[in-house]
Amino acid sequence: MKLGDPSLDHLRIFLTVVEEGSFGAAARRMNRAVSAISYGIAQLEAQLAVSLFEREGSRKPVLTKAGEGLLAEARHVADGVDSLLAKTRSLHAGLESELALVVDVMVPGEVTARVLASFRERYPTVALRLRVEGLGAVAQCLIEEGAQAAIGGPVVSEELGLERQALGEVELIPVAAPSHPLAADEITPGESRKHLQLVLSDRSTRTQGREFSVLSPLTWRLGDLSAKHSLLKEGLGWGNMPRAMVADDLDGGRLVELDLPEKPGDQYTLFALWRRDTVLGPATSWVIDEFKAAL
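For the sequence shown, the working numbering assigns the number 400 to the initial residue and increments by one for each residue that follows.
This is the structure:
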């Protein structure tokens, strides 16, 4: 049996019918006649030599087993073409003269340094403006202060009007100085609430009223992760820190990982973020790809 070559247009018609749940709704979304949608499906079925939808027993299109089996591949092809077109539009837009980038404080410093050192070698003509922020301040730089792209955490990834691409995770662990009471063995539930917790504070108002892994009513709010790091080593409180940032302190005995019953540690997912009305240029796309590879 010789199969035909399905067109991208017919694949998009197939996916739209599945997503919209009817030929009529697909026609409205694609601004075409219902007959054109039906013809496109018939052509695709002829090219693939399979029936994609049941023709009897339901007024709504129901996928056949063959249709279900081919759905994921059709989506993969369409997504791949969309990605290709997006990259091509970026190339046609030309190389950026400047890149305003915001990086979350949770990104390991050596990762940021390595990526940006490579960036300067690859794009020496692109001026880089770098901001390092935490929590909602990352989104604020994108939405209100003209940044073009950001590497930010799950807090800002929920912002409306932003596109996101998952890059990796940073492990957060609760730590304190070895002399801290919570560093003892067999801590009872609720004991952590009796001790000062050092908490990273949001410089913006975007997370106002929200708490993230805060257990104790006794808190010091710090806008600088390095200041929090220093206070932890001095034994002034306990708090969550990126494991990579405190690895040397754990090895050297300056900090210890706390075994708290509440398990306040977490996986902090990092995303590439940009405004939906922004067309990413080649340099910005390269930076995002490099952070993804490094993380």
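For glycine and all other residues, C-beta sits at the position ideal for the given N, C-alpha and C.
Assigned with DSSP and collapsed to three states, L500 falls in strand. Linking E590 to P663 through their CA atoms gives a straight-line distance of about 13 Å. Straight-line measurement puts the Cα of P460 at about 8 Å from the Cα of R454. Between V502 and I542, the C-beta spacing is not below 7 Å.
DSSP, read as helix, strand or coil, puts A576 in coil. Looking only at G466, E472, L527 and D481, the smallest Cα-Cα distance to L494 is reached by L527.
Straight-line spacing of the CA atoms in D404 and A499 works out to 44 Å. The count of Cβ pairs closer than 8 Å, one atom from the stretch 667–684 and one from the stretch 575–582, stays below three, leaving the stretches out of contact. Per DSSP, R431 is not a residue of any alpha helix (DSSP H), being assigned neither H nor E. Burial check for T415: the Cβ neighbour count within 10 Å reaches 16 or more, so the residue is buried. If you look at T668, you'll find it in the beta strand (DSSP E) that goes D665 to R674. Annotation: the continuous alpha helix (DSSP H) that includes A692 extends over P681 to A693. Listed as beta-bridge partners of G634 by DSSP are no residues whatsoever. Residue A643 holds the alpha-carbon nearest to the alpha-carbon of V569 among L515, L529, A643 and R675. For G634, the closest alpha carbon among the candidates V655, E520, A432 and E467 is that of V655. Distances from the alpha-carbon of W637 to those of E689, A576 and A426 put A576 closest. Cβ contact annotation for H594 (same chain, cutoff 8 Å, sequence separation greater than five): H579, P580, L581, S615, L617, G636 and W637, in chain order.
DSSP, read as helix, strand or coil, puts L462 in strand. In the three-state reduction of the DSSP assignment, I412 falls in the helix class, which pools H, G and I. G567 has L669 as its beta-bridge partners, per DSSP. Put simply, the backbone Cα of V598 is about 21 Å away from that of R530.
Cβ neighbours of L443 within its own chain (closer than 6 Å, five residues either side excluded): P405, H409 and F413.
By alpha-carbon distance to L447, the top candidate from L470, A435, V433 and M429 is L470.
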